[in-house]
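Notes follow the structure.
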């Protein structure tokens, strides 16, 4: 390599889009992902005490929590014949279901089920946080992930209410906004993110997005044909309000049960409407000013 | 179809242990005060420039002080709100139309420069003023003018006014021979030169400054802000007109303040008209405006605006104390209105019902497909929650 050669990024260096497929039917709520994330990314501690919300004492995603495990306890009434009401599968077949699908979220036949899910930044295709960031601190990487450049962020806080999932928050004493980087540093070394590597049940799967989506479709088919009617893929398609997510989920109930919005939207799609309203209001203000000052009596 | 899920369609939205879905903004009290002062400053610049064109210097000079207050305090408030105030200049790293905050930073930057030059020039002695060197004052031929028997000569339409500080052309060119003690300094002359284009520039930049804040709030996931994206800019424009008019009314002798009173009244009327429009659009989401702090501020705003504008409409043309009281009430009402909008946003962000409810109804009503899919893509893209039996 000659001394004059300049390093540029050619097409061979373009990276395929990567992401997470979080299959919540395999989650056992061990919180290894939360811990691994904190360890690798040196995320500060975030003590919140005892919430009483099942086994969830870390509450939500935020500046100091880039993975968060949700716990939902659902009491499902069993009918006299041992068949669960409300569309739940027959109690008798739960054992078979667990054997067939590796399902982790049922307690055998007693009508109680656990829903556990590890939440994370969705790395949206249309990311509102990135669109509203005035400094350009939030940017899209070569892996199509969304990352905050901490040397640029000036703590304006606009991304925080812009995120339809409530992922970002301001770190106290630091002033800047922080969130999951999808382990940008590890990606650059061809390593999988810390949470995915730590997950003992492969509930968190890392890989190329196109491959993950195919895998998720097969899993949904398996669970649906096994009788799990609530099973649904969340943010797996480019036709939703955020253009699909880099981190998508297989859920066993509606998203809001896990604290996820059922129809998240990147508000940028309405920015034209907002500016049109601003233009009309500015014209109205101009008319009011001209009308008040140039027309009418002087005193 | 939702029966497949065992959930009554009209039931209360479900949530995760009652936890919020989105984050509340982290913005501090600086922001509602900025919403108020940015509007006051922006509309004041327009009032000042137009008043100069009409030849009402008494009003114009006072309105310029309003623009200067907006220019001086707005950046201070915004910088103090930053998590890293020392990085405030990073706001001008780029220009992004998808980010109202980015656009607003540039608008404030332009407005700040223009209104500083225009306002300082108008207030410091030795002002050139617009068009004064030609000795004429712009009047509209088709309306207004003093009524017969007006007490203030010199304010008739088309009348050539004398200037308080007539420009002395000899002085202007004395610089070549060395500055005389009574000639304006080089800085003063530069300011005078800059003020000429700066006056209309400040008036123009004031328009987006007073209104973009509506888009600033609307381009978030906060339900009561985003769903009011068509009305918020109008509400803030109305508040800006009301506060600029009221501010000038307070400071200006009543015989010169008619235009300011009219502006304040137009603003108040628009404000009182837009609020029900916004609440109608919000529908169920208007609830936060009737609860907690947002409701208190909204009631205060309405009371102060109504009472203040009544005072302005009836007595403020004759009595200076009435003008001061009415103007102060309208100003306070406009500030309370911003606080009400600000607080309502936080309240709606805090409660998952306001996030989940409308979204769930959109999906269940078939308006959007939502974020979920229950059927395998290859089998068929049946939408939403159709049962997969």
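Chains as they are written, first to last, in this note's numbering: chain A, -12 to 286; chain B, 11 to 399.
Glycine included, C-beta positions come from ideal geometry on N, C-alpha and C.
Computed from a prediction, not measured in an experiment: that's the story for all the values here.
Same chain only: Cβ atoms within 8 Å of residue i, ignoring 5 sequence neighbours per side
| i | result |
| --- | --- |
| residue 189 of chain A | 10 and 13 |
| residue 103 of chain A | 11, 14, 15, 16, 56, 57, 58, 59, 91 and 92 |
| residue 107 of chain B | 113 |
Same chain, Cβ closer than 6 Å to residue i, neighbours up to 5 away in sequence not counted
| i | result |
| --- | --- |
| residue 215 of chain A | none |
| residue 167 of chain A | 53, 107 and 108 |
| residue 32 of chain B | 231, 359 and 365 |
| residue 298 of chain B | 234, 304, 354, 357 and 358 |
| residue 194 of chain B | 136 |
| residue 293 of chain B | none |
| residue 239 of chain B | 228 |
| residue 129 of chain B | 74, 77 and 78 |
Terminal residues of the beta strand (DSSP E) in which residue i lies
| i | result |
| --- | --- |
| residue 40 of chain B | Careful: residue 40 of chain B lies outside any beta strand (DSSP E), inside the alpha helix (DSSP H) at 40 to 64. |
| residue 206 of chain B | Premise fails: residue 206 of chain B lies in the alpha helix (DSSP H), 196 to 228, not in any beta strand (DSSP E). |
| residue 261 of chain A | Note, residue 261 of chain A: premise wrong, no beta strand (DSSP E); alpha helix (DSSP H) at 258 to 281. |
| residue 191 of chain A | 191 to 195 |
| residue 221 of chain A | 219 to 221 |
| residue 100 of chain A | 99 to 107 |
| residue 234 of chain A | 234 to 238 |
| residue 134 of chain A | 133 to 135 |
Where residue i falls, given that 16 or more other Cβ within 10 Å makes a residue buried
| i | result |
| --- | --- |
| residue 199 of chain A | buried |
| residue 37 of chain A | exposed |
| residue 266 of chain B | buried |
| residue 241 of chain A | buried |
| residue 239 of chain A | buried |
| residue 362 of chain B | buried |
| residue 351 of chain B | buried |
| residue 324 of chain B | exposed |
| residue 376 of chain B | exposed |
| residue 156 of chain A | buried |
| residue 197 of chain B | exposed |
| residue 158 of chain B | The predicted model places residue 158 of chain B with a pLDDT of 44, which falls under 50 and marks its position as unreliable; any figure quoted below should be read in that light. So residue 158 of chain B ends up on the exposed side. |
| residue 259 of chain A | exposed |
| residue 159 of chain A | exposed |
Separation of residue j from residue i, as counted between CA atoms
| i | j | result |
| --- | --- | --- |
| residue 335 of chain A | residue 61 of chain B | Past the edges of chain A, shown from -12 to 286, lies residue 335 of chain A, and the structure says nothing about it. |
| residue 151 of chain B | residue 274 of chain A | Only weak support exists for where residue 151 of chain B lies, its pLDDT of 39 falling under 50; the value from the coordinates is given anyway. Looking at the two C-alpha atoms, the distance is approximately 18 Å. |
| residue 62 of chain A | residue 213 of chain A | 20 Å |
| residue 406 of chain B | residue 277 of chain A | Residue 406 of chain B is absent from the model: chain B starts at 11 and stops at 399. |
| residue 385 of chain B | residue 366 of chain B | 22 Å |
| residue 85 of chain B | residue 233 of chain B | 27 Å |
| residue 104 of chain B | residue 237 of chain B | 28 Å |
| residue 204 of chain B | residue 370 of chain B | 56 Å |
| residue 146 of chain B | residue 208 of chain B | Confidence is the limiting factor: at residue 146 of chain B the pLDDT is only 45, short of 50, which leaves the residue's position unreliable, though a coordinate-based value still follows. Rounded to whole angstroms, residue 146 of chain B to residue 208 of chain B spans 20 Å at the Cα level. |
| residue 237 of chain A | residue 197 of chain A | 15 Å |
| residue 178 of chain B | residue 271 of chain A | Any answer about residue 178 of chain B is weak, because its pLDDT of 43 lies below 50 and its placement is not dependable; what the coordinates show is given next. If you take the alpha carbons of residue 178 of chain B and residue 271 of chain A, they lie about 39 Å apart. |
| residue 2 of chain A | residue 280 of chain B | 53 Å |
| residue 136 of chain A | residue 221 of chain A | 28 Å |
| residue 316 of chain B | residue 233 of chain A | 52 Å |
| residue 269 of chain A | residue 142 of chain A | 29 Å |
| residue 174 of chain A | residue 180 of chain A | 7 Å |
| residue 162 of chain B | residue 72 of chain B | With a pLDDT of 46 at residue 162 of chain B, under the threshold of 50, the predicted position of this residue should be treated as unreliable, though the coordinate-derived value follows. Spanning the two alpha carbons is a distance of roughly 19 Å. |
First and last residue of the uninterrupted alpha helix (DSSP H) at residue i
| i | result |
| --- | --- |
| residue 339 of chain B | 330 to 360 |
| residue 283 of chain B | 268 to 292 |
| residue 236 of chain B | 233 to 236 |
| residue 122 of chain A | Note, residue 122 of chain A: premise wrong, no alpha helix (DSSP H); not H, not E. |
| residue 72 of chain B | 67 to 91 |
| residue 115 of chain B | 110 to 133 |
| residue 105 of chain B | Looking at the DSSP string, residue 105 of chain B is not in any alpha helix (DSSP H), and its letter there is neither H nor E. |
| residue 61 of chain A | Note, residue 61 of chain A: premise wrong, no alpha helix (DSSP H); beta strand (DSSP E) at 54 to 62. |
| residue 10 of chain A | Per DSSP, residue 10 of chain A belongs to no alpha helix (DSSP H); it is in the beta strand (DSSP E), 5 to 10. |
| residue 322 of chain B | 302 to 324 |
Same chain, Cβ closer than 7 Å to residue i, five either side skipped, listed in chain order
| i | result |
| --- | --- |
| residue 187 of chain B | For residue 187 of chain B, the predicted structure reports a pLDDT of 46, less than 50, and the residue's modelled location is therefore unreliable. A value from the coordinates is still provided. Within the same chain, residue 187 of chain B has no close Cβ partners at all. |
| residue 418 of chain B | There is no way to answer for residue 418 of chain B, as the model of chain B reaches only from 11 to 399. |
| residue 68 of chain A | Summary for residue 68 of chain A: the model assigns pLDDT 48, below 50, so the residue's position carries little reliability, and this model does not support an answer. |
| residue 270 of chain B | 57, 69, 255, 258, 259 and 262 |
| residue 115 of chain B | 101 and 102 |
| residue 83 of chain B | 47 |
| residue 335 of chain B | 321 |
CB contact flag (residue i, residue j, <9 Å)
| i | j | result |
| --- | --- | --- |
| residue 48 of chain B | residue 219 of chain B | yes |
| residue 218 of chain A | residue 235 of chain A | no |
| residue 134 of chain A | residue 255 of chain A | no |
| residue 283 of chain B | residue 314 of chain B | no |
| residue 30 of chain A | residue 46 of chain A | no |
| residue 249 of chain B | residue 348 of chain B | yes |
Contact set between residue i and chain C, taken where Cβ atoms lie within less than 8 Å
| i | result |
| --- | --- |
| residue 108 of chain B | Of the chains in the structure shown, none is chain C; the protein chains are A and B. |
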